[in-house]
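Participant: So that we are looking at the same thing, I have put the structure below in structure tokens.
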Amino acid sequence: MTELRRRQQGDQDPECVAESVNPGNQHHVGTAMKDGDEKFDGDGMDKKDRVREDPKDDSDLPEVPASVDNTPEVLSKALSGLSSRWKNWWIRGILSLAMIGFFFVIIYLGALVLVLIVFIVQIKCFQEIIMIGYNVYHSYDLPWFRTLSWYFLLCVNYFFYGETVADYFFTLVQREELLRLLMRYHRFISFAMYLTGFCMFVLSLVKKHYRLQFYMFGWTHVTLLIVVTQSHLVIHNLFEGMIWFIVPISMVICNDIMAYMFGFFFGRTPLIKLSPKKTWEGFIGGFFSTVIFGLLLAYVLAGYPCFVCPFEYNSVTNSFGVDCEPSELFRLQNYTVPAALRSFSGWETVKLYPFQIHSIALSTFASLISPFGGFFASGFKRAFKIKDFANTIPGHGGIMDRFDCQYLMATFVHVYVASFIRGPNTSKLFQQVLFLRPEQQVQLFTLLQDSLWKRGLLPVEEQQGAVRQ
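Numbering (UniProt numbering), first residue to last: 1 to 469.
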């Protein structure tokens with residue numbers, strides 16, 4: 001009756017709705033808890049938080065249904081004799097090994113398959129977040145909510161992937177007249193598509209649900225910002241060279257595993273209230289393990305051109321490839337050992353790839369800052385009284401539960417490469433010059449020749465030839 005009275009009053013505050021409407025989500029209380037997740041009571045809240053809340057609000061809260069245990073039957077039978085703590089350990093361990101094996105397989109299949117996997121993961125993460133909002137507010141019959149959410153996903157993907165194609169495959173696009181036109185007017189088309197969705201949203205507004213509809217409009221756009229934008233950065237990292245994709249992702253995976261193991265065996269001191277099972281022992285153990293792992297993985301991958309070369313389209317062979325001369329970043333160099341470590345190690349110099357030095361910065365971020373993406377997700381889930389985003393992976397939750405830290409890491413890698421690594425790409429610039437009109441190419445050549453001549457960068461013979469002309 002309380003809920004019926006609220007609905008009859010018309011427009012409501014979103015926070016009140018979130019507390020009063022049964023989400024209908026079947027994954028609120030998980031049987032397998034990972035390191036850092038909270039222990040929930042019957043309605044998905046930590047008991048300490050319930051004491052602090054208004055008891056009048058608690059009386060309106062519906063009971064949260066128990067989650068569906070989607071652990072494979074064979075695995076459940078094999079582990080039936082273990083305690084819940086060790087059963088969770090083995091479920092997480094076995095599923096983690098399976099996911100790592102799958103990761104190796106898709107790396108072997110190449111960059112284009114990885115792009116497809118990133119796109120699929122992006123869609124699944126978007127769906128998991130949007131469905132939380134839909135499950136909370138579906139009883140209000142908000143018009144076109146899911147339709148507009150997926151339409152905006154289409155618009156944003158069209159914009160970002162079009163920009164990526166224009167940046168990395170400009171030569172290929174220019175071969176087809178239709179693709180050339182789409183690229184030329186790409187941003188205008190993207191804007192027109194978005195405006196169409198914007199107008200559809202305005203036309204869908206219903207008087208008694210104004211506040212909820214604008215709330216969900218913001219929900220959709222924040223989700224697009226978090227998921228789609230950062231997925232786009234993952235693909236940019238991949239095209240810079242697979243090493244910029246593999247190493248950061250592997251670091252986050254390593255940190256997650258080692259933090260869980262150190263916390264499982266040695267954890268005593270709580271780290272953060274949002275995730276009471278996270279411990280300082282796990283946090284510190286994960287940090288040192290990730291730094292060492294990053295140095296070793298960087299050393300192994302830096303020696304293979306297939307991992308360090310950018311993924312590019314070759315207009316001569318009409319094919320995609322990663323063939324290049326490795327840059328200085330991926331060539332062994334001698335480094336002087338600091339005096340403080342020289343007496344301890346007995347080495348005066350050591351051979352390292354410069355990329356290994358950069359890997360220390362990446363592993364530090366993966367260990368100290370990236371976990372805050374997980375803490376942010378924990379706060380989000382606590383706000384909606386859910387245990388996981390979904391039940392896709394037994395013992396791990398949904399896809400978004402596995403990628404909450406990865407997206408933050410991908411953004412850092414993109415900014416780091418743009419700030420400290422990437423330089424002007426002469427090959428990409430040359431390909432763009434080839435598609436200028438002939439008179440523009442000649443004009444550019446003359447301007448460049450004059451500039452080089454004035455700065456004394458042309459050989460004397462070429463300067464004399466230019467004077468005679």
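Backbone N, C-alpha and C define an ideal beta-carbon position, used for all residues, glycine too. Nothing here was measured: the structure is a model prediction, and the numbers come from that model.
(1) Straight-line CA distance for Ser-76 to Asn-88?
(2) If you draw a straight line from the C-alpha of Ile-360 to the C-alpha of Leu-295, how long is it?
(3) Is the beta carbon of Gly-286 less than 8 Å from the beta carbon of Gly-267?
(4) Label Ile-253 either buried or exposed according to how many other C-beta atoms from any shown protein chain fall within 10 Å of its C-beta, with 16 as the threshold for buried.
(5) Taking all protein chains shown into account, decide if Gly-346 is buried (16 or more other Cβ within 10 angstroms of its Cβ) or exposed.
(6) May I have a chain-ordered list of the beta strand (DSSP E) segments no shorter than 3 residues that lie completely inside the stretch 143–230?
(7) Count the C-beta pairs between the stretch 267–276 and the stretch 319–331 that are closer than 8 Å, then say yes if the count reaches three, no if not.
(8) Could you tell me the boundaries of the alpha helix (DSSP H) in which Ser-378 lies?
(9) List, from N- to C-terminal side, the beta strand (DSSP E) runs of 3 residues or more that fit wholly inside the stretch 237–276.
(10) Leu-82 lies in the beta strand (DSSP E); which residues open and close that run?
(11) Please report the straight-line C-alpha distance between Ala-111 and Phe-245, rounded to a whole angstrom.
(12) Excluding the 5 residues preceding and the 5 following Leu-301 in the sequence, name in chain order all residues of the same chain whose CB lies nearer than 6 Å to its CB.
(13) From the DSSP secondary-structure annotation, give me the bridge partner or partners of Thr-349.
(14) So for Tyr-304, helix, strand or coil by DSSP?
(15) Going by the DSSP bridge assignment, what does Ser-319 pair with across the sheet?
(16) Tell me the residue span of the alpha helix (DSSP H) that contains Tyr-134.
(17) Quick one, are the C-beta atoms of Asn-204 and Pro-143 less than 8 Å apart?
(18) Straight-line CA distance for Phe-214 to Ala-383?
(19) Looking at the unbroken alpha helix (DSSP H) that takes in Ser-359, where does it start and where does it end?
(20) Tell me whether Lys-278 sits in a helix, a strand or coil according to DSSP, three-state version.
(21) My output table needs one value for Asp-388: the three-state DSSP class, helix, strand or coil.
(22) So which of Ala-166, Phe-160, Glu-73 and Leu-153 has the shortest CA-CA distance to Leu-429?
(23) So does the stretch 402–410 actually touch the stretch 358–373, counting three or more Cβ pairs closer than 8 Å?
(24) Going by beta carbon distance, what residues of the same chain come within less than 7 Å of Thr-171, once the five residues before and after it are set aside?
(25) Who are the near neighbours of His-221 in its chain, counting only those whose CB is closer than 8 Å to its CB and skipping five residues on each side?
(26) Does the distance from the C-beta atom of Phe-380 to that of Ala-298 stay below 8 Å?
(27) Does the distance from the C-beta atom of Leu-148 to that of Phe-201 stay below 8 Å?
Facilitator: Walking through what the data contain:
(1) 10 Å
(2) 7 Å
(3) no
(4) buried
(5) exposed
(6) none
(7) no
(8) 371–383
(9) 270–272
(10) Taken as a continuous stretch (DSSP letters only), Leu-82 belongs to no beta strand (DSSP E), as it is neither H nor E.
(11) 10 Å
(12) Ile-243 and Phe-307
(13) Thr-336
(14) coil
(15) Asn-314
(16) 111–137
(17) With the sequence shown as reference, residue 204 is identified as Ser, and Asn is not the correct amino acid for it. Yes; because the gap between Cβ atoms is below 8 Å, this pair is in contact.
(18) 19 Å
(19) 354–368
(20) strand
(21) coil
(22) Ala-166
(23) yes
(24) Tyr-313, Ser-315 and Gln-431
(25) Phe-152
(26) no
(27) yes
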